[in-house]
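Comments concern the structure below.
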Amino acid sequence: MKEHIQIPFVEDYSLVFHSPFDVEVIVHEKSIVGYVSYMSSCMYFDKDGIIVESTNEEVEGIPQIVGLKYGQIVLHKPIPVEDSDIFREILDLTQLLSSHELDVERVEFDRRGDATLYMKDLEVFLGNSANIAGKILGLSNMLPELEGLSGILYLDTYDPASSNTAYTFKRKS
């Protein structure tokens with residue numbers, strides 16, 4: 001009946017009263033999109049960049065985000081970054097990775113904001129966020145051919161809308 005109390009891991013919840021003695025609680029958890037390493041802890045954040053969990057253990061399936069410039073991190077507060085638009089890019093990227101079931105251990109951003117994915121023995125240089133959905137789809141389609149290989153796949157100039165979709169793969173020795 002009143003305004004909901006904010007709970008750190010919970011996006012929203014509702015109560016359904018079936019009878020005076022039977023209540024159903026429906027909980028919608030916040031989706032964790034990544035984590036940063038801070039003071040030897042894994043600081044997990046949601047789509048808005050708010051730290052929702054701090055732990056010493058890595059959660060499988062959640063990529064580490066490297067290269068963000070930030071100040072002091074406080075639990076249940078947004079990560080203080082210079083460019084807050086980066087969280088929209090991280091969310092878009094992690095949702096695409098999840099929908100294509102790509103297992104990425106780490107996403108690294110350089111000073112220009114270009115992204116590199118780290119997947120087992122592969123590095124995938126995506127470049128900027130232009131055509132990111134097409135780059136991830138292309139990567140998903142290429143992975144069977146790259147199985148067992150070690151190297152760097154350059155998708156920064158990959159454009160699936162173009163008739164000349166070129167990319168470069170350099171093997172590591």
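Per the numbering used here, residue 1 is the first one in the sequence shown, and the count goes up by one each step. Backbone N, C-alpha and C fix where the C-beta goes; we use that ideal spot for every residue, glycine too. As the structure is a computational prediction, the values presented were derived from the model and not from experiment.
When the options are compared against residue i, the one with the closest alpha-carbon
i	options	result
Arg88	Gly34, Arg171, Ser19 and Val10	Gly34
Gly151	Val66, Asp110, Lys69 and Val124	Val124
Gly49	Thr55, Pro80, Gln72 and Met39	Pro80
Ser99	Ile5, Ser14, Ser140 and Val23	Ser140
Own chain partners of residue i with C-beta closer than 8 Å, once the 5 adjacent residues on each side are dropped
i	result
Glu57	Cys42
Leu149	Asp121, Leu122, Phe169 and Arg171
Val104	Pro63, Leu97, Leu117, Tyr118 and Met119
Tyr158	Asn131, Gly134, Lys135, Gly138, Thr165, Ala166 and Tyr167
Asp83	Gly113
Ile32	Tyr44, Phe45, Asp46, Val52, Glu53, Val59 and Ile62
For residue i, the three-state DSSP class (helix, strand or coil)
i	result
Pro78	strand
Thr94	helix
Phe109	strand
Met142	helix
Ile32	strand
Ala115	strand
Lys172	coil
Gly134	helix
Glu89	helix
Ser41	strand
Residue environment, residue i, which counts as buried when at least 16 other CB atoms sit within 10 Å
i	result
Asn131	buried
Leu75	exposed
Tyr44	buried
Val107	buried
Val36	buried
Ile90	buried
Cut-off 6 Å between Cβ atoms - residues of its own chain near residue i, not counting five sequence neighbours on either side
i	result
Leu126	Ala115, Lys135 and Leu155
Met142	none
Glu11	His28 and Lys30
Limits of the unbroken beta strand (DSSP E) element including residue i
i	result
Leu153	Gly151 to Tyr154
Thr55	Ile51 to Thr55
Glu11	Val10 to Ser19
Glu123	Leu122 to Gly127
Close beta carbons around residue i, own chain, < 7 Å, minus the five adjacent residues each side
i	result
Pro78	Asp48, Gly49 and Ile50
Val70	Reading off the sequence shown, one finds Tyr at residue 70, where the question assumed Val. Correct list, in chain order: Ile79, Pro80 and Val81.
Thr94	Val33, Gly34 and Pro63
His18	Glu24
Proximity test, residue i beta-carbon vs the ligand ADP heavy atom, cut-off 8 Å
i	result
Ser99	Here there are no bound small molecules, and the ligand ADP is not part of this structure.
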